[in-house]
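See structure below.
Residue numbers (my numbering), protein chains in the order written: chain D, 1 to 382; chain X, 1001 to 1382.
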């Protein structure tokens, strides 16, 4: 509970204080101690002083804000068909990015090697890693919150228990590595981008697989062992025979994922394999893709009726490759029919604002929360 | 962030510090300031000094603990058929209690008048209210977290938006009133009783109605507008015609609640009306009651498969009038069949330890957390 420079930075970073006076008010520290803490943060380059604020008395206070240019973050979102790698500032603004076409099914070693090479390309080589304070890696499967390793991921053959952080850390020496589930990262990204006041936000990602990410009181909710939000393998009694790639039958992902829609399209003579292929067909105006995506939405909405009744979120964000007006129309249909009106009375059901950048922005936020936590900054500056 | 006596009390109350030395270590306060804070708490009667602890050096430190006898709490759990009223100490130990047989359907005025009269009987009249620091009232329906009033409760005719706190406050003058959903209160009670280390706990109450209470990181999770956990009115496609008392069709509560089981028993020539009647029949060994309760459990388990996939709790506690080996057997059957093995791998599915006392113990805890919060104690002693 001692109030060090890290606590002061946290107040400013979260927007709870914008001047030295507000820091003093919020912490109970003397003006002199506040001045010392702020000076330390200014000389470390963690804060910048802004334009003059409004007059509150004699002198006009200088505004303080977190220096988003103080360092860089590498964020890599591993998806079933490809990996997106981005170099961002501390606010999550993408400075450079690229897509690496290595499917997750090629295993962790090949995927992470490609990821590391792309990251080094973005930084302009190992010397460019110096300003990078952390790398965040998201994967399309559950991550154990204690070990940071994938935990029995249904659609990531060979990844169970793999030490992602060790592998990436060896390729990007000196940079701390953090791992997350991709729907969790996307939920954090969407929450940070204009939904920051939301108590409870749920993001549904419908891509090659299906998952949800939950943000409660500004923090990702991961559950007892990292499995929270994993609705892709809830079984639907109405589709008990559909074979899922997890090995079971009747899973939501077996009938409503991008892979399932792609399979149904292929059966109609329209070749498609992944969620990305379906997205391309939707963009090209394929009526079959639109119809099947809406039908997938109806099944997702059926499960979401229970999710919304349990979590009572303010916002449900639809993300992933299949995110579209067709998908949302289908979800809306069953979600509103199968849940109590009071559960959806104040619910905003909407497409994500960030599109494919959502996990990358969320990873940046997670790295920043970790690297610039009050405790970490106190330890570095104390 | 200033560390007042209330912060010190909170550390001790939560078991994070047990001696003056541990308080100093946890807060960064000087030994002299800690001594002042502790002295203030001792003279206010909020702490008691215990036996000598283990030696750590020269002097042997005195242990400090929260004084559960410092004040009393009134806790009243309103249920569909009756209200349970208890006078407890600050640890939730029941000192005296009684049941009031007023059904919730008789409306808020009659129910709360009877509740107030019973409370005054337990305290031995208005003079006995002096040591009572708060009264907690739980109801079998959603409670708006901002107003504390019932919010569109499906099975509480006449209670929507009713100012429970004002009504009870007028009957028990000078005592602050707090309201909660009954499944939330029961979840807090079970969490406080031996599950305190659990990150995520979910309690399913199957009584005349059905609801769940969720405790995350020690605090009740209520959702965006108090509706979290309200799974009784999720609709089952397989029972789309069953008419629910909420007015809709196909609700889980229409086919798996105590009321639904009672109705099915009555149709078999075994008269029953409420969850309590079913409980009595189960206790008497009725095979029909056992069979129908297990079947109800299967349907509850079907919805719980999604709940467990979303929340990934460590513990699911079964409570309410129908809580029994028959109910839990039914829940286990479908819950484990319809969810991913990893969602239930570390899950403990168990009957509650507190039985009908769970909401009362939980309400006591909520009143104590409110009345003895760091901010409240700082304001009173500061």
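Glycine is no exception: its CB is placed at the ideal position from the N, C-alpha and C atoms.
In this text, all values refer to a predicted model and were calculated from it rather than measured experimentally.
Near residue i, which residues of its chain fall below 7 Å by C-beta distance, leaving aside the five closest residues on each side in sequence?
i: residue 1194 (chain X); result: 1353
i: residue 356 (chain D); result: 84
i: residue 288 (chain D); result: 265, 268, 270
i: residue 338 (chain D); result: 302, 305
i: residue 13 (chain D); result: 66, 372
i: residue 1158 (chain X); result: 1107, 1108
i: residue 1209 (chain X); result: 1080, 1140, 1155, 1232, 1253, 1257
i: residue 1336 (chain X); result: 1344
i: residue 1333 (chain X); result: 1298, 1301
i: residue 295 (chain D); result: 330
i: residue 1125 (chain X); result: none
Opposite residue i in the DSSP bridges: which residues?
i: residue 1205 (chain X); result: X:1211, X:1319
i: residue 97 (chain D); result: D:86
i: residue 21 (chain D); result: None; residue 21 (chain D) has no bridge partner.
i: residue 216 (chain D); result: D:200, D:219
i: residue 1134 (chain X); result: X:1073
i: residue 179 (chain D); result: D:137
i: residue 348 (chain D); result: D:315
i: residue 243 (chain D); result: D:249
i: residue 1150 (chain X); result: X:1143
i: residue 78 (chain D); result: D:83
i: residue 48 (chain D); result: D:65
i: residue 235 (chain D); result: D:251
Please check the pair residue i and residue j, which I expect to be a contact at CB under 8 Å, by giving their CB distance rounded to whole angstroms.
i: residue 254 (chain D); j: residue 213 (chain D); result: Actually they do not touch by this definition, with Cβ atoms about 21 Å apart.
i: residue 306 (chain D); j: residue 1300 (chain X); result: Actually they do not touch by this definition, with Cβ atoms about 12 Å apart.
i: residue 358 (chain D); j: residue 189 (chain D); result: 4 Å
i: residue 1026 (chain X); j: residue 1011 (chain X); result: 6 Å
i: residue 237 (chain D); j: residue 1286 (chain X); result: Not really, about 29 Å apart at Cβ, beyond 8 Å.
Alpha carbons only, please: which of the options is nearest the one belonging to residue i?
i: residue 1298 (chain X); options: X:1288, X:1348, X:1326, X:1321; result: X:1326
i: residue 1384 (chain X); options: X:1276, X:1380, X:1172, X:1167; result: The requested residue 1384 (chain X) is not part of the displayed model; chain X covers only 1001 to 1382.
i: residue 1133 (chain X); options: X:1155, X:1162, X:1087, X:1004; result: X:1087
i: residue 160 (chain D); options: D:175, D:174, D:140; result: D:140
i: residue 130 (chain D); options: D:364, D:39, D:96, D:74; result: D:74
i: residue 196 (chain D); options: D:379, D:16, D:377; result: D:16
i: residue 90 (chain D); options: D:376, D:364, D:378; result: D:364
i: residue 1077 (chain X); options: X:1135, X:1068, X:1067; result: X:1135
i: residue 395 (chain D); options: D:361, D:369, D:380; result: As displayed, chain D neither begins before 1 nor continues past 382, which places residue 395 (chain D) out of reach and without an answer.
i: residue 1079 (chain X); options: X:1291, X:1115, X:1072; result: X:1115
i: residue 1123 (chain X); options: X:1072, X:1189, X:1309, X:1223; result: X:1072
i: residue 1163 (chain X); options: X:1174, X:1155, X:1151; result: X:1151
i: residue 1345 (chain X); options: D:22, D:226, D:238, D:111; result: D:226
i: residue 211 (chain D); options: D:146, D:218, D:222, D:229; result: D:229
i: residue 138 (chain D); options: D:101, D:177, D:113; result: D:177
i: residue 342 (chain D); options: X:1343, X:1351, X:1342, X:1231; result: X:1231
i: residue 101 (chain D); options: D:110, D:94, D:93, D:95; result: D:110
i: residue 99 (chain D); options: D:19, D:82, D:236; result: D:82
i: residue 1039 (chain X); options: X:1028, X:1251, X:1009; result: X:1009
i: residue 113 (chain D); options: D:224, D:295, D:167, D:369; result: D:167
i: residue 1181 (chain X); options: X:1217, X:1174, X:1284, X:1143; result: X:1143
Give me the chain B residues within the contact set of residue i, using Cβ-Cβ distance strictly less than 9 Å, ordered along the chain.
i: residue 1036 (chain X); result: Going by chain labels, chain B is absent from the structure shown, which instead holds the protein chains D and X.
Quick one: what's got a C-beta closer than 6 Å to residue i's C-beta in the same chain, skipping five residues either side?
i: residue 1321 (chain X); result: 1207, 1258, 1275, 1276, 1279
i: residue 191 (chain D); result: 201, 215
i: residue 148 (chain D); result: 165, 179
i: residue 445 (chain D); result: What is shown of chain D runs 1 to 382, which leaves residue 445 (chain D) out entirely.
i: residue 1007 (chain X); result: 1374
i: residue 1222 (chain X); result: 1145, 1228
i: residue 390 (chain D); result: Residue 390 (chain D) cannot be examined here, being either before or after the span of chain D that is shown, 1 to 382.
Near residue i, which residues of its chain fall below 8 Å by C-beta distance, leaving aside the five closest residues on each side in sequence?
i: residue 293 (chain D); result: 261, 278, 282, 322, 324, 326, 327, 330
i: residue 311 (chain D); result: 200, 202, 214
i: residue 1347 (chain X); result: 1308, 1313, 1314, 1315, 1316
i: residue 376 (chain D); result: 6, 370
Let me check you understand the geometry: is the CB of residue i closer than 6 Å to at least one non-hydrogen atom of the ligand FAD?
i: residue 1237 (chain X); result: No copy of the ligand FAD appears in this structure; indeed no ligand is present at all.
Stretch-stretch touch, CB-based, cutoff 8 Å, three pairs: the segment 1058-1075 of chain X with the segment 1029-1049 of chain X: They touch, by the three-pair rule.
The segment 1117-1125 of chain X contacting the segment 1246-1263 of chain X, beta-carbon criterion three pairs below 8 Å: no
The segment 1189-1205 of chain X / the segment 1306-1324 of chain X touching (three or more Cβ pairs under 8 Å): yes
Contact the segment 1097-1114 of chain X vs the segment 1036-1045 of chain X: 3+ CB pairs below 8 Å: no
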